[in-house]
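Here the protein sequences line up with chains A and B, keeping their order. For what it's worth, numbering that gives the first Met the number 0 labels the leading residue of the first sequence as 0, then goes sequentially. For what it's worth, numbering that gives the first Met the number 0 labels the leading residue of the second sequence as 0, then goes sequentially. Cβ atoms here follow ideal geometry from the backbone N, Cα and C, with glycine treated the same way. Predicted model only: the values in this text are computed from it and were never measured. Reading through the structure tokens given below for one structure.
There are 2 protein chains.
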Amino acid sequence: MTLYGSIEAGGTKFVLGVGDGSKLVQRYRFDTTTPDAAVSEIVAFFKQYELAGIGIGAFGPVDVNPASPKYGTILNTPKVGWQNFDLLGALKAQLNVPMKITTDVNVACYGEWQEGAAKGKQNVIYLTVGTGIGAGVINQGHFFLGRAHTEVGHIFLQKHPDDHYEGHCPYHGDNCAEGLAAGPAIQGRFPAGAASLAEDDPFWAIEADYIAQLCLDLTLSLAPDVIIVGGGVSKQTQLFPLIRQAFAAKLNGYVDVPALNDYIVPVALGDNSGVTGALLLAEEAAREA
Amino acid sequence: MTLYGSIEAGGTKFVLGVGDGSKLVQRYRFDTTTPDAAVSEIVAFFKQYELAGIGIGAFGPVDVNPASPKYGTILNTPKVGWQNFDLLGALKAQLNVPMKITTDVNVACYGEWQEGAAKGKQNVIYLTVGTGIGAGVINQGHFFLGRAHTEVGHIFLQKHPDDHYEGHCPYHGDNCAEGLAAGPAIQGRFPAGAASLAEDDPFWAIEADYIAQLCLDLTLSLAPDVIIVGGGVSKQTQLFPLIRQAFAAKLNGYVDVPALNDYIVPVALGDNSGVTGALLLAEEAAREA
Numbered sequence: 000m001t002l003y004g005s006i007e008a009g010g011t012k013f014v015l016g017v018g019d020g021s022k023l024v025q026r027y028r029f030d031t032t033t034p035d036a037a038v039s040e041i042v043a044f045f046k047q048y049e050l051a052g053i054g055i056g057a058f059g060p061v062d063v064n065p066a067s068p069k070y071g072t073i074l075n076t077p078k079v080g081w082q083n084f085d086l087l088g089a090l091k092a093q094l095n096v097p098m099k100i101t102t103d104v105n106v107a108c109y110g111e112w113q114e115g116a117a118k119g120k121q122n123v124i125y126l127t128v129g130t131g132i133g134a135g136v137i138n139q140g141h142f143f144l145g146r147a148h149t150e151v152g153h154i155f156l157q158k159h160p161d162d163h164y165e166g167h168c169p170y171h172g173d174n175c176a177e178g179l180a181a182g183p184a185i186q187g188r189f190p191a192g193a194a195s196l197a198e199d200d201p202f203w204a205i206e207a208d209y210i211a212q213l214c215l216d217l218t219l220s221l222a223p224d225v226i227i228v229g230g231g232v233s234k235q236t237q238l239f240p241l242i243r244q245a246f247a248a249k250l251n252g253y254v255d256v257p258a259l260n261d262y263i264v265p266v267a268l269g270d271n272s273g274v275t276g277a278l279l280l281a282e283e284a285a286r287e288a
Numbered sequence: 000m001t002l003y004g005s006i007e008a009g010g011t012k013f014v015l016g017v018g019d020g021s022k023l024v025q026r027y028r029f030d031t032t033t034p035d036a037a038v039s040e041i042v043a044f045f046k047q048y049e050l051a052g053i054g055i056g057a058f059g060p061v062d063v064n065p066a067s068p069k070y071g072t073i074l075n076t077p078k079v080g081w082q083n084f085d086l087l088g089a090l091k092a093q094l095n096v097p098m099k100i101t102t103d104v105n106v107a108c109y110g111e112w113q114e115g116a117a118k119g120k121q122n123v124i125y126l127t128v129g130t131g132i133g134a135g136v137i138n139q140g141h142f143f144l145g146r147a148h149t150e151v152g153h154i155f156l157q158k159h160p161d162d163h164y165e166g167h168c169p170y171h172g173d174n175c176a177e178g179l180a181a182g183p184a185i186q187g188r189f190p191a192g193a194a195s196l197a198e199d200d201p202f203w204a205i206e207a208d209y210i211a212q213l214c215l216d217l218t219l220s221l222a223p224d225v226i227i228v229g230g231g232v233s234k235q236t237q238l239f240p241l242i243r244q245a246f247a248a249k250l251n252g253y254v255d256v257p258a259l260n261d262y263i264v265p266v267a268l269g270d271n272s273g274v275t276g277a278l279l280l281a282e283e284a285a286r287e288a
């Protein structure tokens, strides 16, 4: 039995895992405070095991270019104390294990690609709509990377005519997807949260419109084979038919896309897309070491 | 002296070139009518020369995946007679010369990357704003390709509050970039065309706003090192400061981008981005043959 480690480094919590292959056998969570505290927790937890590799999915912005001297460094984040913190370097200094790091959404994308809803595809988008909005992108079988990783949650959207919410994004107000459609923006409209809304509440058509607009923009700019929608908001499964319907109306046949039931789909791995992908990334790190 | 051939296959005209390396020595144009007529013109013109390779930039949608059995085939175009026409196959049947084909905007992107405004960059977008709107994309030094090439001209934009134009896109009305900001949409507002407008006409701020929105979306989804803006509308050089200003206001510091004077830039090769890129692609075809 070969053990691998996974780290899901989030802005509010860290989730560590130990897996036999991609099968999780142990999990440990702690709240995100300072980088030093996080590193201590991670090192203490993983030192209990003999690991062949560690895969990390981190909140961004983070340098995920293996060729960069700053690979594994958290970049210009508003998160106090984390700016320019070399997370990968700090872990490598204390754990003698091969490691790879990418974004939190990229590991989820990787998990869904290898073992979930995107098996056998080459161009995959994992779109999370939860506390924030973001996307992991696999293009021709590799993580997409330009000058940096994508930040698609802040793409500007057309505001729905029936929506009078002032928006939640500190940078873009009600202009961007995250400001209009992420969990906190839903809670901004309905303080009791999404769970308090009936399945047929008319708000879901508005939410679906926003997600459909974002899927449209991603279709036109990244041309994926499939868009997997995950994150807390996507647990409202009544959204999917509404998203597909709004997407079809907007695209209006301009480009060919796969049948929409196979194109805009929910995650297949539930809450485990990220940990699965991080464990697979750990295996990759071990193979390449 | 080694001669190469270039084909810019457009919806209204074809432009053929013969170059000594990437230096154009002969050019020939004809109107786009039927596929058969185009192939006859191309074959007759190129048979006058001993060519080492031919590079083709074609209007889309076109299959530009070298691994695809339909590589070089015009796909689902509204252009009568051209649907599913195997352009590359038809040319190969009559010209015994190594050939490569990509989109018209990709060859322009390639030209600007190798010899123009994007020298030394790895992630390049060439955005044309002319008769239509589209982008050529080079990612990590290779043409970006997902399930298909991008179609960014149809990304949805927020309509400017001072703009009351009904939009020009037959698919998306006033919702998409092309419907709001391409040449025909300008002419729809001002029948005498863009050239009739003063440099300080307030419309240019609206046009700049649309191009800035598109640059913002592309920044967030494709993370380029540079966005080169070409096409007829970009000859209005007063647009560039307005685009950069609107872009900065919208992005609002959310992600780091290069200094805007180096990030959103005009073409360096004038009207020759496409032919330069096609000749370079011809060289590449010859090298790989």
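Asked                                                                                                                                                     : Found
Compute the distance between the beta-carbons of Thr-218/B and Ser-21/B, then report whether it is under 9 Å.                                             : no
On a Cα-Cα basis, can you pick out the residue from Ala-184/B, Leu-268/B and Ala-284/B that is closest to Thr-130/B?                                      : Ala-184/B
Over the uninterrupted alpha helix (DSSP H) stretch that includes Lys-91/A, give me the two end residues.                                                 : 86-91
For a contact defined as C-beta to C-beta under 9 Å, what are the partners of Gln-157/B on chain A?                                                       : Phe-155, Leu-156, Gln-157, Lys-158 and Asn-174
Just the Cα atoms here: how many angstroms apart are Gly-115/B and Arg-28/A?                                                                              : 51 Å
In its own chain, which residues sit with a C-beta less than 8 Å from the C-beta of Ala-285/B, not counting the 5 before and 5 after it?                  : Thr-1, Tyr-3, Ala-51, Gly-52 and Pro-97
How about Leu-86/A: is its Cβ closer than 8 Å to a heavy atom in the ligand MN?                                                                           : Ligands in the displayed structure: none, and consequently the ligand MN is not present.
According to the neighbour-count rule (16 or more other Cβ atoms, all chains shown, within 10 Å of its Cβ), is His-153/A buried or exposed?               : buried
Taking just the CA atoms, how far does Asn-64/A sit from Ala-247/B?                                                                                       : 26 Å
9 Å is my cut-off, CB to CB: does Lys-78/A come that close to chain B?                                                                                    : no
Using the Cβ count rule (16 or more neighbours within 10 Å means buried), how would you classify Ser-67/B?                                                : exposed
Let me check one thing: in DSSP terms, what residues is Pro-265/B bridge-paired to?                                                                       : Val-228/B
When you compare only the Cα positions, how much space is there between Lys-78/A and Gly-10/A?                                                            : 8 Å
Quickly, what does DSSP pair Asn-138/B with across the bridge? List them, please.                                                                         : His-141/B
Check Ile-185/A in the structure and name its three-state DSSP category.                                                                                  : helix
If I follow the unbroken alpha helix (DSSP H) through Glu-206/A, where does it start and stop?                                                            : 202-221
Just the chain B side, please: which residues come within less than 9 Å of Ala-222/A by C-beta, in chain order?                                           : Phe-143, Leu-144, Gly-145, Arg-146, Ala-147, His-148, Thr-149 and Glu-150
Relative to the C-alpha of Ala-281/B, which candidate in Ile-73/B, Gly-110/B and Trp-81/B has its C-alpha closest?                                        : Gly-110/B
Could you say if the segment 39-59 of chain A and the segment 88-95 of chain A meet the contact criterion of at least three C-beta pairs nearer than 8 Å? : yes
CA-CA distance, Leu-259/A and Gly-269/A?                                                                                                                  : 20 Å
Taking the alpha helix (DSSP H) that Tyr-48/B belongs to, which residues open and close that run?                                                         : Neither: Tyr-48/B is in no alpha helix (DSSP H) and is coded neither H nor E.
Counting C-beta neighbours from all protein chains within 10 Å, is the total for Thr-32/B 16 or more, i.e. buried, or is it exposed?                      : exposed
Please identify the residue among Lys-118/A, Gly-178/A, Asp-173/A and Arg-146/A whose C-alpha is closest to the C-alpha of Ser-272/A.                     : Lys-118/A
So for Tyr-125/A, helix, strand or coil by DSSP?                                                                                                          : strand
Would you mind sorting Pro-190/B into buried or exposed? The rule is 16 or more other CB atoms within 10 Å of its CB.                                     : exposed
Just the Cα atoms here: how many angstroms apart are Gln-82/B and Tyr-70/B?                                                                               : 14 Å
Could you check whether the Cβ of Gln-244/B sits closer than 9 Å to any Cβ belonging to chain A?                                                          : no
How long is the line joining the alpha carbons of Leu-279/B and Gly-182/A, rounded to whole angstroms?                                                    : 49 Å
Going by C-alpha distance, which of Ser-233/A, Ala-245/A, Phe-143/A and Val-228/A is nearest Ile-263/A?                                                   : Val-228/A
Cutting at 7 Å between CB atoms, please list the residues of its own chain near Gln-113/A, excluding the five before and the five after it.               : Leu-279
Which chain B residues are close to Val-254/A, counting only those with a beta carbon under 9 Å from its beta carbon?                                     : Pro-60, Asn-75, Ala-147, Glu-150 and His-153
Return helix, strand or coil for Ser-195/B, following the three-state DSSP convention.                                                                    : helix
What do you reckon, are the CB atoms on Ala-180/B and Glu-206/B nearer than 9 Å?                                                                          : yes
With DSSP as the reference, label Leu-280/B as helix, strand or coil.                                                                                     : helix
In or out: Glu-287/B buried (at least 16 other Cβ within 10 Å) or exposed?                                                                                : exposed
Identify the contact partners of Leu-217/B in chain A, using a Cβ-Cβ distance below 8 Å as the criterion.                                                 : Ser-220
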